[in-house]
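Report on the following structure.
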């Protein structure tokens, strides 16, 4: 059975990110592939989704904890439920990766690599990382992009390393994005055919979602 590795915003503690990761993995598995999520959780992403009362200096954390004490239990419970969903509903790589160097040095054995959905190509996202363009993938392996978003304002144009992004896009075997404006821009960058597709959550049947 061919193996597929997906890299996406799977560990962002919000419903949309986790559901799109679940949906894409579920769909690929149903196509007959052994599919798992590459458990890439950058340090910036971990910091971003850390509860606010755990950020900053010790004094600041204590003050915020006291001020927000009525909400703390709810926040902790929500964080715990997100992590439980990750472990129960997603098939993750056995190792967690936090830096590009970790990914580059990893001994992956996937036949196909997919840049998943969500705003992973929005370079203005706090947790953006060029790893979502698959620069760590060794030559000879298939690279696919399924429904990533460039964000509402095509932030690549003003905030990204255009030359670097263009070179990485040219290595893809197939590219699709969520928005027509994004597709047009990507075509200009890499001179490849780019499809506009649905978010993976819209491809699931109600029977696939009900258990979750």
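Numbering (the working numbering), first residue to last: 195 to 406.
Glycine included, every Cβ here is placed at the ideal spot set by N, Cα and C.
Predicted model only: the values in this text are computed from it and were never measured.
What does the alpha-carbon distance come out to for the pair residue i and residue j?
i	j	result
residue 224	residue 317	31 Å
residue 198	residue 294	19 Å
residue 336	residue 305	7 Å
residue 391	residue 272	31 Å
residue 241	residue 323	14 Å
residue 369	residue 284	24 Å
residue 247	residue 207	Here residue 247 scores only 48 on pLDDT, less than 50, and its place in the model should not be relied on; the value that follows carries that caveat. Straight-line Cα distance between these residues: approximately 16 Å.
residue 377	residue 277	33 Å
residue 221	residue 398	8 Å
Go ahead and pull the three-state DSSP assignment for residue i.
i	result
residue 277	helix
residue 376	helix
residue 217	helix
residue 238	helix
residue 231	strand
residue 247	Reliability of the predicted coordinates at residue 247 is poor, the pLDDT of 48 falling under 50, and the value obtained from them is presented with this limitation in mind. Three-state DSSP puts residue 247 in a helix.
residue 210	helix
residue 272	helix
residue 285	coil
Less than 7 Å between the C-beta atoms of residue i and residue j, yes or no?
i	j	result
residue 394	residue 311	yes
residue 203	residue 359	no
residue 309	residue 341	no
residue 214	residue 229	no
Within 10 angstroms of its Cβ, does residue i collect 16 or more other Cβ (buried), or is it exposed?
i	result
residue 196	exposed
residue 333	exposed
residue 396	exposed
residue 363	buried
residue 410	The structure shown does not extend to residue 410, since the chain is modelled only from 195 to 406, so the question has no answer here.
Checklist entry - Which runs of the alpha helix (DSSP H) spanning at least 4 residues fall entirely within the stretch 303-364, listed in chain order? => result 350-353, 356-363
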